[in-house]
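Shown next, in structure tokens, is the structure this report addresses.
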Amino acid sequence: VQPVAAQQAPPVPATLPELDDPIPIPAVRPIPILPENRFKSQIWEDITNWAASATDSEWSFICQSDGMLVAAHGENLSLQPEALAGRLLIMLDQSEKLSDGYKHPASIMLEFQNRWVTGIIFEVNQESILLVVVTVDHVSNTVVTALKQELHNFFNAQ
1067 VQPVAAQQAP PVPATLPELD DPIPIPAVRP IPILPENRFK SQIWEDITNW
1117 AASATDSEWS FICQSDGMLV AAHGENLSLQ PEALAGRLLI MLDQSEKLSD
1167 GYKHPASIML EFQNRWVTGI IFEVNQESIL LVVVTVDHVS NTVVTALKQE
1217 LHNFFNAQ
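Just so we're aligned, residue 1067 is where the sequence shown starts under the working numbering, counting upward by one.
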């Protein structure tokens, strides 16, 4: 039996990466609408198209805070958008109450009928709007964060 040579531990690097470095957020292409047109009614179709492209979704739609459908893009998949939006809004409201007053923009993701449903709520003129995307694969948290940031920047541009 041969003696086993002691192995040395790998050297410690002189500097360690900073933990405070920001986590990179993937680029989401900007909403393809001029900011001065952001309060015109036809923008909702453009936003559903933009969200569908950014998330590779089969279906995206926007509802008002009362669940009223405003715009949709893609294949419906036999889901009732108003009913789905109403339930997502209830879940988002409850999550806000449970999170000690954390305010919008909030989001929720759930698996439903072999699809992932992601809801993002944001404010426009002090009204809550719900953007929903339905995808085969789940939308990553970094993409959801990028979508929220882009919506916030777009509707709060000066």
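The beta carbon of each residue, even a glycine, is placed where N, CA and C say it ideally should be.
Legend entry - Three-state secondary structure (DSSP) of Ser1119: helix
Legend entry - Proximal residues to Leu1176 (C-beta, below 6 Å), its chain only, five neighbours per side dropped: Within its own chain, the residues whose Cβ lies closer than 6 Å to the Cβ of Leu1176, once the five positions on either side in sequence are excluded, are Val1183, listed in chain order.
Inset, instruction - Can you grab the Cα-Cα spacing for the pair Pro1090 / Gly1152, in whole Å? - result: With a pLDDT of 47 at Pro1090, under the threshold of 50, the modelled position of this residue cannot be trusted, and the question is left open.
Legend entry - Residue(s) in a DSSP beta bridge with Ile1187: Leu1196
Inset, instruction - Below 8 Å CB to CB, which residues in the same chain sit around Phe1221 once its five sequence neighbours on both sides are set aside? - result: Arg1104, Phe1188, Glu1189, Val1190
Inset, instruction - Check His1218 in the structure and name its three-state DSSP category. - result: helix
Inset, instruction - Just the C-alpha distance for Ser1107 and Ile1113, rounded to the nearest angstrom, thanks. - result: 11 Å
Inset, instruction - Report, in whole angstroms, the separation of the C-beta atoms of Val1136 and Trp1110, which I expect to be a contact under 8 Å. - result: Correct: roughly 5 Å between the Cβ atoms.
Inset, instruction - Apply the 10 Å Cβ neighbour rule to Thr1121 and answer buried if 16 or more other Cβ atoms are within range, or exposed otherwise. - result: Around the beta carbon of Thr1121, 16 or more other beta carbons lie within 10 angstroms, which makes this residue buried.
Inset, instruction - Sort Ile1099, Asn1115, Leu1145 by Cα distance to Gln1179 and report the nearest one. - result: Leu1145
Inset, instruction - Could you check what DSSP says for Met1157 in three-state terms: helix, strand or coil? - result: helix
Legend entry - C-alpha gap between Leu1217 and Glu1141, whole angstroms: 23 Å
Legend entry - Ile1195 vs Ile1097 beta-carbon contact at 8 Å: no
Legend entry - Same chain, Cβ closer than 6 Å to Met1066, neighbours up to 5 away in sequence not counted: Beyond the ends of the chain as shown, which are 1067 and 1224, falls residue 1066; an answer cannot be given.
Inset, instruction - Tell whether a beta-carbon distance below 8 Å holds between Glu1124 and Thr1201. - result: yes
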